[in-house]
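Enquirer: In my numbering, the protein residues as written are 675 to 839.
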Amino acid sequence: MKLPIIFFVGFFSCLPLYGQKTLEKLLEKYHQNTIPYLYVDSLAKHYNKFVLLDSRTPKEYQVSHLENAIFIGYHSFSLDSVIQKIPDKDTELVVYCSLGMRSEKIANKLKQAGYIHVNNLYGGIFQWKNNNLPVYNNQNKKTDSIHAFSKSWSKWLKNGIKVYE
């Protein structure tokens with residue numbers, strides 16, 4: 675009698691652990707391994723070396739973005755617009771979004787267009803904010819607000835004020 679109870683308790687106590695994924699596992703699932711990651715700590719140390727490109731929606735960008743990031747969008751992405759803003763294809767680029775999936779797709783387009791040094795920010799703006807690094811609003815003032823993209827993705831944002839609209 676004790677064995678089935680121990681099994682039952684042991685089995686169901688492990689279920690919550692099984693359902694939780696790490697950020698690493700999530701990104702592993704969606705990452706295509708076509709664009710190298712740049713990790714938050716590396717970007718923070720060498721920030722001025724890179725041109726940052728925000729590949730989220732206009733609403734997400736307006737809530738907050740990395741300092742001096744250029745909005746390039748995702749659905750509204752225009753390669754011609756990027757080429758006009760950044761004609762030197764040897765420029766060190768870092769593309770980011772919320773977590774890194776949309777930015778990888780945009781980074782691939784930049785790579786195919788001949789940009790040589792294209793990186794994808796590991797964990798995106800969520801990981802940046804989770805490391806207590808600053809983000810800026812539309813008036814270029816520091817803010818704690820981050821557009822959380824969706825309720826399901828927002829679980830990956832541990833720091834800051836989650837905004838959904």
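A virtual CB, placed ideally from N, CA and C, is assigned to each residue, including glycine.
Under a three-way DSSP split, which group does S824 fall into?
Expert: Taking the first residue of the sequence shown as 1, we reach residue 824 at position 150. Of the three classes helix, strand and coil, the one that applies to S824 here is coil, per DSSP.
Enquirer: For F745, which of helix, strand or coil comes out of DSSP?
Expert: In the sequence shown, the residue the question calls residue 745 occupies position 71. Of the three classes helix, strand and coil, the one that applies to F745 here is strand, per DSSP.
Enquirer: Nearest to S804 by CA position, among P710, L701, D715, is which residue?
Expert: For the purposes of this step, residue 804 is taken as the residue at position 130 of the sequence shown. Sequence check: residue 804 is Asn here, not Ser. Looking at the Cα atoms, D715 is the closest of the given residues.
Enquirer: Does DSSP classify Y810 as helix, strand or coil?
Expert: Your numbering for residue 810 matches position 136 in the sequence shown. Strand.
Enquirer: Taking 7 Å as the limit between beta carbons, can you name the residues of its chain near K832, skipping five residues before and five after?
Expert: For this step, residue 832 is matched to residue 158 along the sequence shown. Contacts found: N804.
Enquirer: Quick check on K699 - is its C-beta less than 8 Å from some C-beta in chain C?
Expert: No chain C is present in this structure, which holds just one protein chain.
Enquirer: Please list, in chain order, all residues of the same chain as N812 whose beta carbon is under 7 Å from its beta carbon, the five residues on each side excluded.
Expert: In the sequence shown, residue 812 corresponds to position 138, counting from 1. Within the same chain, N812 has close Cβ partners Q736.
Enquirer: Which residue marks the beginning of the alpha helix (DSSP H) containing I760, and which one marks its end?
Expert: As a working mapping, residue 760 is identified with position 86 in the sequence shown. It is not in any alpha helix (DSSP H) - I760 carries neither H nor E in the DSSP assignment.
Enquirer: Which residues in the same chain have their Cβ closer than 6 Å to the Cβ of F745, if we skip the five residues on either side of it in sequence?
Expert: As a working mapping, residue 745 is identified with position 71 in the sequence shown. Closer than 6 Å at Cβ, skipping near neighbours: D728, Y735.
Enquirer: Under 8 Å, with one C-beta from each stretch per pair, do the stretch 698-712 and the stretch 793-810 reach the 3-pair mark?
Expert: Enough Cβ pairs lie closer than 8 Å, so yes.
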